[in-house]
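S.K.:
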Amino acid sequence: MENFLFDAFLKNKIKEIISRKNSCIASAFLGFGSEKNIPDSSRVICDIGMGGTNANSLIEIRKKLGNDLRWMSAFHPKVYLSDVGCIICSANLSNNGVGFLGQNGLIEVGVFHEYGSSVYT
4 MENFLFDAFL KNKIKEIISR KNSCIASAFL GFGSEKNIPD SSRVICDIGM GGTNANSLIE
64 IRKKLGNDLR WMSAFHPKVY LSDVGCIICS ANLSNNGVGF LGQNGLIEVG VFHEYGSSVY
124 T
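Per the numbering used here, the very first residue in the sequence shown carries number 4; after that it's consecutive.
#1: Take Asn57 and list the residues in its own chain whose beta-carbon comes closer than 6 Å to its own, dropping the five residues that flank it on each side.
#2: When burial is assigned at 16 or more other CB atoms within 10 Å of the CB, is Tyr83 buried or exposed?
#3: Can you list, in chain order, the stretches of the beta strand (DSSP E) that have 3 or more residues and sit fully within the region 15-71?
#4: Given a threshold of 16 other Cβ atoms within 10 Å of its Cβ, counted over all protein chains shown, does Phe103 qualify as buried or as exposed?
#5: On the DSSP bridge assignment, give the partners of Gly88 in chain order.
#6: Which same chain residues end up closer than 8 Å to Ser45 when comparing Cβ atoms and leaving out the 5 residues on each side of it in sequence?
#7: Is the beta carbon of Glu5 sitting closer than 8 Å to the one on His116?
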């Protein structure tokens, strides 16, 4: 089943997905607060060349994940995957995108696919 999500619905579902063991995160930017919300068992890829990733958050995530944190230039997708499901959306893993520090600053939209849907096959 697929659901179109926006604003707080999207933010809450992203937080649920990334909180799970073995979550996979592809986000152009990792903002302040993301390091506290990514479990040790996650795999993460982000961009570090465009200036949107918080350097302190990146350092803390690297300490936690080691080689399970990867980066590449011009990387811009936002995909969050776990045993809950998958979200493909516009929201970076940042305060403006997800709102780790309170109200997110931007209106974001995305599509949630339940685990086991055709997206996984």
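Ideal Cβ positions, reconstructed from N, Cα and C, are used throughout, including at glycine.
Computed from a predicted model, the values in this text were never measured in an experiment.
M.R.: Let me lay it out:
#1: Correct list, in chain order: Gly34 and Phe35.
#2: When all chains shown are included, Tyr83 counts as buried.
#3: If we require 3 residues or more, the beta strand (DSSP E) runs fully inside the region 15-71 come out as 27-30 and 46-49.
#4: buried
#5: Glu117
#6: Same-chain partners within the cutoff: Ile21, Asn25, Ser26, Cys27, Ile28, Leu68 and Asp71.
#7: yes
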